[in-house]
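Peer 1: A single structure is presented below for examination.
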């Protein structure tokens, strides 16, 4: 899995949002809001191939969360990212 080119994480008025930039993202006419944890994960994997397990490992390394909860949260996050078309 990889974040698609043309999508950028920005911090606007204290909020993390993903915006589509360039002609390839012309149909992406909205902002995707991310919480601080999702933004952290985005920053860690931006420009790299990654797996669900990679994201779970990042959560386990940096947050006090058990593996089951981390895995559940990552599945939900990836469903949103896939639905919104920001990963391939």
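Numbering (this note's numbering), first residue to last: 164 to 251. Even glycine gets a Cβ: it sits at the ideal position worked out from N, Cα and C. Just so it is clear, the structure is predicted and the values come from calculations on it, not from any experiment.
Taking just the CA atoms, how far does residue 164 sit from residue 231?
Peer 2: Here residue 231 corresponds to residue number 68 of the chain shown, with the count starting at 1. Here residue 164 corresponds to residue number 1 of the chain shown, with the count starting at 1. About 21 Å.
Peer 1: Quick one: using the 10 Å Cβ neighbour count with 16 as the cut-off for buried, is residue 166 buried or exposed?
Peer 2: The count along the chain shown starts at 1 and reaches residue 166 at position 3. So residue 166 ends up on the buried side.
Peer 1: Going by alpha carbons, who is nearest to residue 237 out of 205, 210, 211 and 219?
Peer 2: Here the question's residue 237 lines up with position 74 in the chain shown. Checking every option, the nearest Cα to that of residue 237 belongs to 219.
Peer 1: What span of residues does the alpha helix (DSSP H) with residue 179 cover, start to end?
Peer 2: Position 16 of the chain shown, counted from the start, is the residue given in the question as residue 179. That residue, residue 179, is in no alpha helix (DSSP H); its beta strand (DSSP E) goes 178-183.
Peer 1: On the DSSP letters alone, give me the boundaries of the beta strand (DSSP E) that residue 197 sits inside.
Peer 2: As a first step, residue 197 is located in the chain shown; it is residue number 34 there, counting from the start. Per DSSP, residue 197 belongs to the beta strand (DSSP E) from 195-197.
Peer 1: Label residue 179 either buried or exposed according to how many other C-beta atoms from any shown protein chain fall within 10 Å of its C-beta, with 16 as the threshold for buried.
Peer 2: Locating residue 179 in the chain shown gives position 16, counting from the first residue. Result: buried.
Peer 1: Exposed or buried, residue 210, counting other C-beta atoms within 10 Å across all chains shown (16 or more means buried)?
Peer 2: Working through the chain shown from its first residue, we reach residue 210 at position 47. Exposed, because fewer than 16 other Cβ atoms sit within 10 Å of the Cβ of residue 210.
Peer 1: By Cβ distance below 7 Å, which residues in the same chain neighbour residue 228 in space, the five residues on each side in sequence not counted?
Peer 2: Counted from its first residue, the chain shown places residue 228 at position 65. Counting only Cβ-Cβ distances below 7 Å, and skipping sequence neighbours, we find 222.
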